[in-house]
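Note that the protein sequences, when read in sequence, are chains A and B.
Residue numbers for the first sequence follow the numbering used here, so the first one is 0 and each next one is one higher.
Residue numbers for the second sequence follow the numbering used here, so the first one is 0 and each next one is one higher.
Glycine residues also receive a C-beta, built at the ideal position from the N, C-alpha and C atoms.
Only one structure is covered here, and it is reproduced in the block below.
2 protein chains.
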Amino acid sequence: MPADREEFTRRIALLAERLSQKGFDAALIRYPLNIFYFTGAFVDGHLVITKRAEVFLLVYRTLGRPDFNPVAEVIPFRSLKKLPVFLADLSIKTLGLEEDRLPINLYRRYQKLLAAFDLGDISEIVRNLRAIKSRYEIDCLKKAAEILSDAIYSFLPKLKPGFSELEAAGLLEAELRKRGHPAFTRTYGFGQELAYGHLLSGKSGVIPAFVTTGQGGQGIYGFPQGPSEKKIQPNELILIDYAGWHEGYMVDQSRLFYFGNIPQKTLAIYDKVLALLEDLEQLLRPGISVQKLYERAVLKAEELGISEYFMAHGPEKVPFVGHGVGLEIDEWPPIASLDITLEENMVIALEPKCHVPEIGVIGLEDTYHITANGPERLTLFPRKIISLLD
Amino acid sequence: MPADREEFTRRIALLAERLSQKGFDAALIRYPLNIFYFTGAFVDGHLVITKRAEVFLLVYRTLGRPDFNPVAEVIPFRSLKKLPVFLADLSIKTLGLEEDRLPINLYRRYQKLLAAFDLGDISEIVRNLRAIKSRYEIDCLKKAAEILSDAIYSFLPKLKPGFSELEAAGLLEAELRKRGHPAFTRTYGFGQELAYGHLLSGKSGVIPAFVTTGQGGQGIYGFPQGPSEKKIQPNELILIDYAGWHEGYMVDQSRLFYFGNIPQKTLAIYDKVLALLEDLEQLLRPGISVQKLYERAVLKAEELGISEYFMAHGPEKVPFVGHGVGLEIDEWPPIASLDITLEENMVIALEPKCHVPEIGVIGLEDTYHITANGPERLTLFPRKIISLLD
Numbered sequence: 000m001p002a003d004r005e006e007f008t009r010r011i012a013l014l015a016e017r018l019s020q021k022g023f024d025a026a027l028i029r030y031p032l033n034i035f036y037f038t039g040a041f042v043d044g045h046l047v048i049t050k051r052a053e054v055f056l057l058v059y060r061t062l063g064r065p066d067f068n069p070v071a072e073v074i075p076f077r078s079l080k081k082l083p084v085f086l087a088d089l090s091i092k093t094l095g096l097e098e099d100r101l102p103i104n105l106y107r108r109y110q111k112l113l114a115a116f117d118l119g120d121i122s123e124i125v126r127n128l129r130a131i132k133s134r135y136e137i138d139c140l141k142k143a144a145e146i147l148s149d150a151i152y153s154f155l156p157k158l159k160p161g162f163s164e165l166e167a168a169g170l171l172e173a174e175l176r177k178r179g180h181p182a183f184t185r186t187y188g189f190g191q192e193l194a195y196g197h198l199l200s201g202k203s204g205v206i207p208a209f210v211t212t213g214q215g216g217q218g219i220y221g222f223p224q225g226p227s228e229k230k231i232q233p234n235e236l237i238l239i240d241y242a243g244w245h246e247g248y249m250v251d252q253s254r255l256f257y258f259g260n261i262p263q264k265t266l267a268i269y270d271k272v273l274a275l276l277e278d279l280e281q282l283l284r285p286g287i288s289v290q291k292l293y294e295r296a297v298l299k300a301e302e303l304g305i306s307e308y309f310m311a312h313g314p315e316k317v318p319f320v321g322h323g324v325g326l327e328i329d330e331w332p333p334i335a336s337l338d339i340t341l342e343e344n345m346v347i348a349l350e351p352k353c354h355v356p357e358i359g360v361i362g363l364e365d366t367y368h369i370t371a372n373g374p375e376r377l378t379l380f381p382r383k384i385i386s387l388l389d
Numbered sequence: 000m001p002a003d004r005e006e007f008t009r010r011i012a013l014l015a016e017r018l019s020q021k022g023f024d025a026a027l028i029r030y031p032l033n034i035f036y037f038t039g040a041f042v043d044g045h046l047v048i049t050k051r052a053e054v055f056l057l058v059y060r061t062l063g064r065p066d067f068n069p070v071a072e073v074i075p076f077r078s079l080k081k082l083p084v085f086l087a088d089l090s091i092k093t094l095g096l097e098e099d100r101l102p103i104n105l106y107r108r109y110q111k112l113l114a115a116f117d118l119g120d121i122s123e124i125v126r127n128l129r130a131i132k133s134r135y136e137i138d139c140l141k142k143a144a145e146i147l148s149d150a151i152y153s154f155l156p157k158l159k160p161g162f163s164e165l166e167a168a169g170l171l172e173a174e175l176r177k178r179g180h181p182a183f184t185r186t187y188g189f190g191q192e193l194a195y196g197h198l199l200s201g202k203s204g205v206i207p208a209f210v211t212t213g214q215g216g217q218g219i220y221g222f223p224q225g226p227s228e229k230k231i232q233p234n235e236l237i238l239i240d241y242a243g244w245h246e247g248y249m250v251d252q253s254r255l256f257y258f259g260n261i262p263q264k265t266l267a268i269y270d271k272v273l274a275l276l277e278d279l280e281q282l283l284r285p286g287i288s289v290q291k292l293y294e295r296a297v298l299k300a301e302e303l304g305i306s307e308y309f310m311a312h313g314p315e316k317v318p319f320v321g322h323g324v325g326l327e328i329d330e331w332p333p334i335a336s337l338d339i340t341l342e343e344n345m346v347i348a349l350e351p352k353c354h355v356p357e358i359g360v361i362g363l364e365d366t367y368h369i370t371a372n373g374p375e376r377l378t379l380f381p382r383k384i385i386s387l388l389d
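Here's what the structure looks like:
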């Protein structure tokens, strides 16, 4: 069920408050996903939200959905030239733009057009607002987790040794698609790309990729990450690191599967990774710094004797152990050596992973809602290596 | 078969020549897809190409592919601080950046770091180079078209009335995935999103969306374009507007399918759209302006009596009739009212589409290689409305 008007009204009020605090008269929002976040509308246009919580949606072409009535005054606006007059009429002088989204050539056009205004950056404000999830958003994330589990359960009986990773991925994705997945995974980081997630088998998992993820995978020429033509064999680990999706919100979950009897060495490393994750879960509370979480993970990996493998990505290590999730798969905050504090109602994924060259990736990933009473785990697939063809 | 070294050497030489012409000493390329275009490597880092065609790949973490030997000197480069010294040592003073890709907050970091250099924009240079395809690229596009046709042929016997558009899309996409599709469709335009393409049935086709495509579709809440929960019924048009993919290159193709006897009115409009497309094909030669192509399409639609429906997108019309394709689905040039001339070896898609409110989208789309002898059509699925369950 889509968010109700109160959800958007609340988001707009929070933005207006932050704008006021930071000395902005208004925000000029251009990135479609952020327009969606504040209004529920996906539209090609500009969203103006003032510090008095007035909301105007200036649309180029059409709102897209004739039956949708957003929490905003919708104004057809075919030419940007009218924008300065429109803003001045609202007594706006200081205007915040999305400096993390606008490419410099587009930004320059605004600079020229809005020369009479003081332009600033609202990236951090929007990022921080989006990082704190509402009840509605948590419900979406829970539903996303359910759908992901359900899709995996329907997929597993269809998976056979001898399938290529790509063929297997296509079958899992068809299950997700049927359940409302857009076949699109929104990412935040510059140049990042991700499609659904990674289905990798055996040593595929330890092939590095350019993306900042828990693992890479061989992928295909022109998209060198994720599933490849490699055939899935008995007696190797199958990693399913996929995002569940509901109404725009994503959870991130990694689980392992195996055709055959799982070797003791694999099980022993898996148990250590699980112990590490359970140890981190103890610390997941509002007020802890993400640096402390990351350092604890590194220390625990040392204690458990898995440092050599921990968060490796080919010859290198990736310097994180998790990330925020929400409307984008790499939301605020990263769980890395950074001066950021977890807050109540943030949602983060933790993904401790060991890259064992002769085996593949041994790891898992769950998504958590941070509450004052500790973490609420949202992803719900069983946390064990599942032996197939039992 | 991935591109050979000569392909990259040639691209680099052409870039070096353009840099020289435009007064740049070097290009600093940061966008992964552009790094791939010039070197074949997908990597998190910086690519420096000088006007003397020297090539340095400064990588943050790892090249990703230990067995891959790009046409570049690969230098681990963990800190940006060394960049100015590195560039100065190469006697670089004037440096071109990708102003169409870099968000302003990232660009500002370069401005600070590279204060001693004259910074300029290489967006147009790269865009124009990429618009002209090599033999290798044309071969990739042909292969992409073959794969797309092949996937559709395998999918059609599985398609049944009563499937939701999403379920049907999942089955088609599984066929594409098995044949090497990354489940990712690269787009260029700011804020544009596309997943594979659009599989729409009946009146779904005429539901507008915020993206600049030939049609929208209901989609799902949070991704309001493309396939939806709507069930595919007998006696309605099924539009399959999908991108075929091979080694990074995409062709764009739209075809129509129908369970039942196709009504005369639908066939009559389809014939007119096909006539319009065939008319445009006559003009597809190096030297024609895209404006002339677009105006001809509009004029021809009037002559044929389909103006009312032509390129409508809900209550509005979209002001184009095609677009370049290649590594991104919306490459240079757009076929719209713009002062751009078609050149030999450009590859463009033409997609005349009629939005008929009581029927849906009646249209088709093909991808063409522009040659001195006229257009070479790359997409090869039969150009007729295919009646299923014949």
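Neighbour-count burial assignment, residue i, 16 or more Cβ in a 10 Å radius
{"i": "Q224/A", "result": "buried"}
{"i": "E350/B", "result": "buried"}
{"i": "H38/B", "result": "Checking the displayed sequence, the identity of residue 38/B turns out to be Thr instead of His. Label assigned to T38/B: buried."}
{"i": "G215/A", "result": "buried"}
{"i": "S253/A", "result": "buried"}
Delimiting residues of the beta strand (DSSP E) encompassing residue i
{"i": "L118/A", "result": "D117 to D120"}
{"i": "R64/A", "result": "Neither: R64/A is in no beta strand (DSSP E) and is coded neither H nor E."}
{"i": "P374/A", "result": "G373 to R376"}
{"i": "A367/B", "result": "The amino acid occupying residue 367/B in the given sequence is Tyr; Ala does not appear at that position. Y367/B -> beta strand (DSSP E) spans D365 to T370."}
{"i": "L255/B", "result": "Y248 to F258"}
{"i": "A296/B", "result": "Counting along the chain, A296/B falls outside any beta strand (DSSP E), though it belongs to the alpha helix (DSSP H) covering V289 to E302."}
Separation of residue j from residue i, as counted between CA atoms
{"i": "I239/A", "j": "P332/A", "result": "23 angstroms"}
{"i": "A40/B", "j": "P69/B", "result": "7 angstroms"}
{"i": "K92/B", "j": "A144/A", "result": "52 angstroms"}
{"i": "K316/B", "j": "L387/B", "result": "31 angstroms"}
{"i": "G325/A", "j": "P1/A", "result": "15 angstroms"}
{"i": "F23/B", "j": "T212/B", "result": "35 angstroms"}
{"i": "Y187/B", "j": "G204/B", "result": "23 angstroms"}
{"i": "L118/B", "j": "Y30/B", "result": "17 angstroms"}
{"i": "E280/A", "j": "H368/A", "result": "11 angstroms"}
{"i": "L112/A", "j": "L363/B", "result": "39 angstroms"}
{"i": "N104/B", "j": "E343/A", "result": "28 angstroms"}
{"i": "H180/A", "j": "I287/B", "result": "42 angstroms"}
{"i": "I237/A", "j": "H245/A", "result": "25 angstroms"}
{"i": "R108/B", "j": "K81/B", "result": "14 angstroms"}
Cβ-heavy atom distance, residue i to the ligand SAH, below 8 angstroms
{"i": "R9/A", "result": "As for the ligand SAH, it is missing from this structure, which has no ligand bound."}
Cβ-Cβ separation, residue j to residue i (assumed contact under 8 angstroms), whole Å
{"i": "V272/B", "j": "A335/B", "result": "Contact flag wrong, Cβ pair sits at about 18 angstroms."}
{"i": "E294/A", "j": "R185/A", "result": "That belief does not hold up - the Cβ atoms of E294/A and R185/A are roughly 30 angstroms apart, past 8 angstroms."}
{"i": "I231/B", "j": "G161/B", "result": "7 angstroms"}
{"i": "V355/B", "j": "K132/B", "result": "That pair is no contact at about 35 angstroms."}
{"i": "P374/B", "j": "E98/A", "result": "Going by Cβ atoms, the distance from P374/B to E98/A rounds to 42 angstroms, so no, they are not a contact pair."}
Opening and closing residue of the alpha helix (DSSP H) in which residue i lies
{"i": "S19/A", "result": "R4 to Q20"}
{"i": "T148/A", "result": "Correcting the residue identity first, residue 148/A is Ser in this sequence and not Thr. Per DSSP, S148/A belongs to the alpha helix (DSSP H) from R134 to F154."}
{"i": "Y269/A", "result": "Q263 to L282"}
{"i": "T38/A", "result": "P31 to T38"}
{"i": "K177/A", "result": "E164 to K177"}
{"i": "D396/B", "result": "Because chain B in this structure spans residues 0 to 389, residue 396/B falls outside the shown range and cannot be described."}
{"i": "Y195/B", "result": "Where Y195/B is concerned, there is no enclosing alpha helix (DSSP H), given that its DSSP letter is neither H nor E."}
Contacts that residue i makes with chain B (C-beta to C-beta distance below 7 angstroms)
{"i": "Y195/A", "result": "A182"}
{"i": "S153/A", "result": "Neighbours of S153/A on chain B: none; closest Cβ ~11 angstroms, over 7 angstroms."}
{"i": "R284/A", "result": "Residues of chain B passing the Cβ test: none, with the nearest at roughly 30 angstroms."}
Contacts that residue i makes with chain B (C-beta to C-beta distance below 8 angstroms)
{"i": "N104/A", "result": "E98, D99, D120 and S122"}
{"i": "G247/A", "result": "Y220, G221 and F222"}
{"i": "R254/A", "result": "Going along chain B, no residue has its Cβ under 8 angstroms from R254/A, so there is no contact; the nearest lies around 19 angstroms."}
{"i": "K177/A", "result": "S163, L165, E166 and G169"}
Partner residues on chain A for residue i, Cβ-Cβ distance less than 7 angstroms
{"i": "D43/B", "result": "F209"}
{"i": "R64/B", "result": "P223"}
Beta-carbon neighbours of residue i, restricted to chain A and to distances below 9 angstroms
{"i": "Y30/B", "result": "F189 and G190"}
Interface partners of residue i on chain A, CB under 8 angstroms
{"i": "A114/B", "result": "Result: empty, since nearest Cβ-Cβ is about 16 angstroms, beyond 8 angstroms."}
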